[in-house]
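Chains as they are written, first to last, in the working numbering: chain A, -2 to 149; chain B, 119 to 477.
Idealized CB from N, CA, C, for every residue including glycine.
Each remark here refers to the structure printed beneath this line.
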C-alpha cells in the first residue's frame, strides 16, 4: 500500500487539498462545537485513512505532502529530512533490510508530485513529541482558517 | 597566513598565533570559529583531516598516543561519536583532552544516542573546552554495533541538529528560545554519502544540509571516482561547491578480504569490484591498499570544488602519515601541531616521520 500511495502521490495530494478546503470552510462550525471535541471524530477518520494508505504513525505534524506521501515516521531512524547514508545499493533500509527505504519512496513520490520545485527540500524542524496522537489535519485547518481571517 | 621555512619544510603558522599552548586563535572577521581548520579552508588551502578512534579506556595517555601519530600530518582530527554504534570514549571527552593540548578537533555528534537537551549541553561544554568544529550526523543504526539491544534515540535528525546548533551560535539561544549568554563559536560540518541511493537526490540533499547550516562536508569513503565525479558535476551545476567546503573521505584497505567484509557489513560503504580485484591480484595487498588510497587522493585533488580530504584509516592510523606524504597534497606545508610549540624544530619527531627536503 505504501508503494501505491507513493505512485499516486499527486492525486492523493489533490484529494487532501479538497478535504482541507472543505474543513477550512466548516471551521467556524467546528470552532463552535469545540476544537477538542471535534478532534476526536476528525482524528479517528484521519487515523483510519492515513493508517490504511500511508502506514501513518500519527505524529500529529504530518509532512507527507512534502515527502511524496511516504510517512517519514516509518524510517527506523525517524528522519524527517531525507535519506541517511546507509541506504543499501538495492534501495532497501539499512536497519530493516526487508523494507524499501522510506526516503527512496519519498524521492520517487516527490518526482511524481511536481516537475520543478521539490517540497522535500524544505528543512523540517525537529518534531514536537507532545503532539503525537493528535489530529494534524485539524491543526492545519485551524492555521489556515486563522490565515484567511475566519473567526476562530 | 604565514609559512615559516624550517629545514626545508614549511610550518603553517598564522600571524596571530596564540602565545599559550592550548589557546585558540582569534576569530577573524567573517569567520565563525577560532579554529585552524576554518582558517586553512577559508584561506584556500587544501585541508587534510583524519579520523581518530577513541579508545576503550579511561586513560588519557592512550588518547595522546593516538593523536601523536597525526602530528604534522593533519589540519584537524575527527573524534568519532560511538562509530558503528559501538561503545568507546565519548567524542566530548576526546575533544576536551586534545584541545587542552592545542590540537584542532572536529567533534562528531551523532543523533542516535542523545536527545536535543543532551546535544545542546555537550556542544556548550565542548566549545568551552576549545572545540571549534562540530560535525552533525545521523549515526549508524544500533543493530550494527555491540549493543544492538539499546534504545535508539533519534530525537533529532542531522538537519534539525545543524539548524539547532546554528541557532545557538548565531541567535544565542537554545532551541527552546532561552538565551545563551556566550554562544558556542563553532564551524559547522555535516556528512554526505554520494554513493548511496537515491543517487540523483544526493546533490539536492547536500543543498539541503547547506540550507540547514553546514559549512563543511566530509563524505563517506570514496572508492568509486566515476560516481563521485558525476556527483561533483551536479554539485557544481547547483553552485554548491562555492557555498560549502567539501572534503571527500578516503582510507586504505588492508586486503581484499577486509574490503569485502566492509562492503557487506558497514552500512553505506560502496566498494566497486574493480578495487577488490585489484587488491586480490596484488602481491602485497596492504601495500596495494595504500597505493589505491594515495592515487584516490591525487585524483580527488584534481576535481574542481574539492577543498581537502578526510582520511579514515581505522586500525591503520599509523599509515596515515605515509599516505599523506606519498600523495603530496600538502606540498611543502606542515600543519601546525602542539609539538611545534613546545619543542624546537630540530627535536620535533615530525622529521623522523616526514623526512626533510633539504636537511
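Secondary-structure assignment with DSSP links residue 339 of chain B through a beta bridge to B:367.
In the structure shown, the three-state DSSP call for residue 30 of chain A is helix.
Exclusion of the five residues before and after residue 287 of chain B leaves 150, 301, 302, 303, 304, 306 as the residues of its chain whose Cβ lies within less than 8 Å of its Cβ. For residue 143 of chain A, the enclosing alpha helix (DSSP H) starts and ends at 133 to 144. When only Cα atoms are considered, residue 183 of chain B and residue 94 of chain A end up about 39 Å apart.
Per the Cβ contact rule, the segment 382 to 394 of chain B is not in contact with the segment 168 to 188 of chain B (fewer than 3 Cβ pairs under 8 Å). For residue 340 of chain B, same chain residues with a beta-carbon under 8 Å away, outside a window of 5 residues either side, are 312, 313, 346, 366, 367, 368, 414, 418 in chain order.
Counting only Cβ-Cβ distances below 9 Å, residue 386 of chain B has contacts in chain A at 81, 82, 83, 84, 85, 91, in chain order. Under a criterion of Cβ atoms nearer than 8 Å, the residues of chain A adjacent to residue 309 of chain B are, in order, 82. Residue 109 of chain A is outside the set of residues whose beta carbon lies under 8 Å from a beta carbon in chain B.
The beta-carbon of residue 88 of chain A is placed less than 8 Å from the nearest beta-carbon of chain B. By the criterion of a C-beta distance shorter than 6 Å, residue 454 of chain B is surrounded in its chain by 130, once the five residues flanking it on both sides are discounted. Per DSSP, reduced to three states, the secondary structure at residue 137 of chain B is coil, with no helix or strand assignment.
Membership of residue 167 of chain B in the beta strand (DSSP E) is indicated by the continuous run 165 to 170. Ranked by how close their Cα comes to the Cα of residue 355 of chain B, the residues B:331, B:378, B:375, B:423 have B:423 in first place. Contacts with chain A at 8 Å (Cβ-Cβ) include residue 329 of chain B.
Residue contact with chain A for residue 234 of chain B: present (Cβ-Cβ distance below 8 Å to some residue of chain A).
With respect to residue 141 of chain A, residue 17 of chain A sits close: the two C-beta atoms are nearer than 8 Å.
Listed along chain A are 92, each with a C-beta nearer than 8 Å to that of residue 261 of chain B. Chain order gives the chain B residues near residue 73 of chain A as 259, where near means a beta carbon separation below 7 Å. Contact note: residue 55 of chain A does not reach chain B at a C-beta cutoff of 8 Å; the least C-beta distance is about 17 Å.
DSSP places residue 124 of chain A in no beta strand (DSSP E); its state is neither H nor E. The three-state secondary structure of residue 271 of chain B, taken from DSSP, is coil. Its Cα nearest to that of residue 222 of chain B, the residue B:190 stands out among B:360, B:199, B:190. Around the beta carbon of residue 100 of chain A, 16 or more other beta carbons sit within 10 angstroms, so the residue counts as buried.
Distance from residue 337 of chain B to residue 74 of chain A at the Cβ level is roughly 19 Å; contact not present, criterion being Cβ atoms closer than 8 Å. Taking a contact as a CB-CB distance under 8 Å, the pair residue 166 of chain B and residue 427 of chain B counts as one, their CB atoms being some 6 Å apart. Rounded to whole angstroms, the separation of the alpha carbons of residue 53 of chain A and residue 39 of chain A is 15 Å. DSSP, read as helix, strand or coil, puts residue 95 of chain A in coil. Residue 167 of chain B has a beta carbon lying at 8 Å or more from every beta carbon in chain A. In terms of CA proximity to residue 229 of chain B, B:252 leads the group B:252, B:444, B:406, B:435. Contact annotation: in the segment 124 to 140 of chain A, residues whose CB is within less than 9 Å of a CB in chain B are 124, 126. No Cβ-Cβ contact shorter than 8 Å links residue 372 of chain B with residue 394 of chain B. Within the same chain, Cβ atoms closer than 8 Å to the Cβ of residue 271 of chain B are found at 229, 230, 231, 232, 233, the five residues on either side in sequence being excluded. Buried is the label assigned to residue 456 of chain B, since at least 16 other Cβ atoms lie within 10 Å of its Cβ.
When rounded, the separation of the alpha-carbon atoms in residue 238 of chain B and residue 292 of chain B is 7 Å.
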